[in-house]
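Input: a single structure, listed below in structure tokens.
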Amino acid sequence: MKIIYHGHSFVQVQNKNHSVLIDPFISGNPTAITKPEEFKCDYVILTHGHGDHISDAISVAKKNNATIISSFEIANYAAANGITSHPLGIGGSFNFPFGRVKLTIAHHSSSFPDGAYAGNPAGVLLTIDGKTIYHAGDTGLFYDMKLIGEMNKIDLAFLPIGDNFTMGIDDAVKAAEFVNAGVVVPIHYNTFDIINANPEDFKKKVESIGKKCRIINIGESVEL
Ligand code: NI
Ligand code: MN
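My numbering puts the sequence shown at residues 68 to 291.
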């Protein structure tokens, strides 16, 4: 399968039959190099309600007739906007046609751009074609990441490194140790000045603890 990084926290997982978007943020993203109408997908997974994660979710899901998978509150919001949706609670998982999705905790907040309550923020464990991807969402470091790493063989982990709203580099290096993924990929940095971080620093520090790190440039992809 192919995993494409579209900048910020926006990751696309694509195999022969399915295209799954996680946290599509294109409109309002100064680093975006794509347009919302270019995306083909059948599922959209949303970690939380903040605008830098859901800005294009409704329009892209509508255009593609895709299903939104997220918290109960965000699933209801999607349904109210005419989108097919599937609610998941933290710790809950479900087998979808493309694979299994489980929501994990994330230490953050979650509201819609208008301030309305959007439930709890989450991370995502996605098992597809026998591989497991962990997308931490927006989160601070938490010790249960160790449990996530112990209970899942994670092949690829997307970890925020931009600080201010999420983990910074040093906390994300500890997270990389805890989740023990085959490869970690930094996300949620350099989109705005307030979250500037040097991914090369992160990479060096991750490698210094014996783990693999891959920086994926915006618009580039990796095979898994
Ligand atoms: Ni957020
Ligand atoms: Mn964010």
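Yeah, the Cβ is synthetic: ideal placement off N, Cα and C, and Gly gets one too.
Exercise. Any idea what DSSP makes of residue 131, helix, strand or coil?
Worked result: Mapped onto the sequence shown, residue 131 falls at position 64. DSSP places residue 131 in helix when its eight states are reduced to three.
For this session: Could you name the residues of the same chain whose beta carbon sits closer than 7 Å to that of residue 184, not counting the 5 residues immediately before and after it, in chain order?
Result: Counting from one through the sequence shown, the residue named residue 184 turns up at place 117. The residues are 140 and 178.
For this session: Return the CA-CA distance between residue 284 and residue 290, expressed in angstroms with no decimal places.
Result: Here residue 284 corresponds to residue number 217 of the sequence shown, with the count starting at 1. Here residue 290 corresponds to residue number 223 of the sequence shown, with the count starting at 1. If I take the Cα positions, the gap works out to 14 Å.
Exercise. Between the Cα of residue 113 and the Cα atoms of 102, 157, 83 and 101, which residue gives the shortest distance?
Worked result: For the purposes of this step, residue 113 is taken as the residue at position 46 of the sequence shown. When each option's Cα is compared against that of residue 113, the closest is 157.
Exercise. Which residue comes first and which comes last in the alpha helix (DSSP H) that contains residue 217?
Worked result: As a first step, residue 217 is located in the sequence shown; it is residue number 150 there, counting from the start. Here the alpha helix (DSSP H) through residue 217 covers 212-218.
Exercise. So which of 175, 281 and 182 has the shortest CA-CA distance to residue 209?
Worked result: Within the sequence shown, numbered from 1, the residue matching residue 209 stands at position 142. It is 175.
Problem set entry | residue 238: CB within 6 Å of a non-hydrogen atom of the ligand NAP | As far as ligands go, the structure on display features the ligand NI and the ligand MN and does not contain the ligand NAP.
Problem set entry | Of the listed residues 117, 191, 127 and 97, nearest to residue 149 (C-alpha basis) | Indexing the sequence shown from 1 puts residue 149 at position 82. Of 117, 191, 127 and 97, the residue nearest in Cα terms is 127.
For this session: Name all residues in chain order for which at least one heavy atom of the ligand NI lies closer than 5 Å to the residue's CB.
Result: 117 and 205
For this session: Report the three-state DSSP secondary structure of residue 275 (helix, strand or coil).
Result: What you label residue 275 is simply residue 208 of the sequence shown in a count that begins at 1. Helix, per DSSP.
Problem set entry | Local conformation of residue 187 per DSSP, three classes | Position 120 of the sequence shown, counted from the first residue, corresponds to residue 187. Reduced to three states, the DSSP call for residue 187 is coil.
Exercise. So does the segment 213-222 actually touch the segment 246-253, counting three or more Cβ pairs closer than 8 Å?
Worked result: yes
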